[in-house]
Amino acid sequence: MGPESSSPLFTGSVAGTLRLIFYLALAMVLMVLDHRNGWLWRVRYNAAVVVEPLYKLAGMPSAGMHALGVAFADRKLLTEQNQHLREDLLLANAKLNRMAAVAEQNQRLKELLDTRHNLTLKVQLARVVGVDLGAYRHRLMLDAGARQGVKTGQPVIDAHGVMGQIVHVLPSTSEMMLVTDPDSAIPVVIERTGLRTVAYGSREGDQLTLPTIPRAADVKAGDHLLTSGIGGRFPPGFPVGEVVSVAPAATGTFLEAHAEPSADLDRSQDVLLLHDLAAPAGPPAPAPEAGPPASLAPAVSSAAPAPATPATGAAR
Numbered sequence: 001m002g003p004e005s006s007s008p009l010f011t012g013s014v015a016g017t018l019r020l021i022f023y024l025a026l027a028m029v030l031m032v033l034d035h036r037n038g039w040l041w042r043v044r045y046n047a048a049v050v051v052e053p054l055y056k057l058a059g060m061p062s063a064g065m066h067a068l069g070v071a072f073a074d075r076k077l078l079t080e081q082n083q084h085l086r087e088d089l090l091l092a093n094a095k096l097n098r099m100a101a102v103a104e105q106n107q108r109l110k111e112l113l114d115t116r117h118n119l120t121l122k123v124q125l126a127r128v129v130g131v132d133l134g135a136y137r138h139r140l141m142l143d144a145g146a147r148q149g150v151k152t153g154q155p156v157i158d159a160h161g162v163m164g165q166i167v168h169v170l171p172s173t174s175e176m177m178l179v180t181d182p183d184s185a186i187p188v189v190i191e192r193t194g195l196r197t198v199a200y201g202s203r204e205g206d207q208l209t210l211p212t213i214p215r216a217a218d219v220k221a222g223d224h225l226l227t228s229g230i231g232g233r234f235p236p237g238f239p240v241g242e243v244v245s246v247a248p249a250a251t252g253t254f255l256e257a258h259a260e261p262s263a264d265l266d267r268s269q270d271v272l273l274l275h276d277l278a279a280p281a282g283p284p285a286p287a288p289e290a291g292p293p294a295s296l297a298p299a300v301s302s303a304a305p306a307p308a309t310p311a312t313g314a315a316r
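Each residue of the sequence shown is one higher than the one before, counting from 1 in the UniProt record's numbering.
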């Protein structure tokens with residue numbers, strides 16, 4: 001390269017050398033002054049005060065884009081988390097409701113089990129699988145039929161009282177007529193007075209009717225109705241209902257009472273079918289004939305005196 005292209009600071013002339021020495025001396029002086037008094041630090045500090053807003057202003061677009069990205073990401077994350085929490089809450093509520101229903105069902109089964117243990121009769125557990133409630137039919141369908149040993153006429157109870165009786169039997173299901181069915185009639189006895197009468201179903205579907213109570217009978221609201229056992233269909237002593245009202249019948253000959261069923265007809269999901277009803281009570285069996293034990297019979301026979309024989313000739 002030619003000498004015209006070289007820097008004048010590093011030329012071989014004396015002026016260039018003097019300028020280099022001056023610049024080095026000035027740098028040394030500035031370094032010593034900065035080290036002792038911190039002048040350059042103050043200059044840099046004041047310059048930073050002026051320059052930093054420019055840096056921030058220049059970086060605002062990038063920072064804004066980053067903040068928007070973070071905001072959208074956080075919003076999306078929060079939305080997803082909120083959705084998951086809502087799903088978990090709904091699932092927890094569903095499980096809680098299911099557990100409450102299972103607990104209630106377990107309570108009903110426990111009551112049925114206690115009833116079964118308290119009975120001296122053979123019972124069979126069945127579940128309600130269908131409902132047929134109308135103005136003239138109050139029936140339930142059970143999941144037990146002829147294959148499970150169900151027979152027509154079997155009484156059906158729950159933990160609180162008599163529900164009805166079986167009227168139709170299919171291979172794996174059976175139809176039960178509730179005590180409130182218009183075609184139902186159960187012989188009952190009033191627990192407080194011992195009065196026997198018959199409780200019929202009604203078209204209303206939620207009450208029993210006792211239309212043939214003598215006018216002089218002592219019947220009042222709150223009296224409990226029990227099965228009387230007459231007819232042999234329902235064993236005696238099972239709760240049937242509770243009298244809620246008593247009034248003269250339309251004919252004026254009898255009193256007519258209305259009763260609420262004891263059984264939970266509209267809530268029971270599990271029921272008990274009664275089997276092997278006890279035979280009706282009758283006269284006691286005849287007592288065995290009294291006599292000596294069989295082991296002493298030969299000795300008694302040998303010890304017995306021989307019977308006297310008549311004389312063959314007359315005394316002279």
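For each residue, glycine too, the CB sits at the ideal point set by N, CA and C. Bear in mind the structure is a predicted one, so any value in this text is a computation, not a measurement.
- Note on S245: under 16 other CB atoms within 10 angstroms of its CB, so exposed under the neighbour-count rule.
- With at least 16 other beta carbons inside 10 angstroms of its own, P261 counts as buried.
- The beta carbon of R147 sits closer than 8 angstroms to the beta carbons of P171, S172 from its chain, once the five residues preceding and following it are set aside; these are given in chain order.
- Between Y200 and S174 the beta-carbon gap is near 23 angstroms, outside 8 angstroms, which marks them as no contact.
- Secondary structure of I21 (DSSP, three-state): helix.
- Counted as a single uninterrupted DSSP element, the beta strand (DSSP E) harbouring E175 occupies residues 174-178.
- Rounded to whole angstroms, the Cβ separation of M141 and V129 is 5 angstroms, and the two are in contact under 8 angstroms.
- Counting only residues of its own chain and dropping the five nearest sequence neighbours on each side, G229 has a CB closer than 7 angstroms to the CB of P235, P236.
- For L133, the closest of E204, D270, L273, V271 by C-alpha to C-alpha distance is E204.
- Scanning its chain for C-beta atoms nearer than 6 angstroms, with the 5 sequence neighbours on each side dropped, one finds around P187 the residues V198, S228, I230, G231, in chain order.
- Inclusion of R192 and D223 in the CB contact set at 8 angstroms is warranted, their separation being smaller than that value.
- Nearest to H258 by alpha-carbon distance, out of P239, L125, A221, L85, is A221.
- Rounded to the nearest angstrom, the gap between the Cα atoms of K56 and A47 is 14 angstroms.
- Taken in chain order, the whole beta strand (DSSP E) runs of length 3 or more contained in the stretch 212-278 are 224-227, 239-248, 254-261, 270-275.
- Taking the Cα positions, L85 is about 10 angstroms away from L91.
- Its Cα nearest to that of Y136, the residue S202 stands out among P61, S202, V43, I190.
- A straight-line Cα-Cα distance of about 19 angstroms links R215 and L208.
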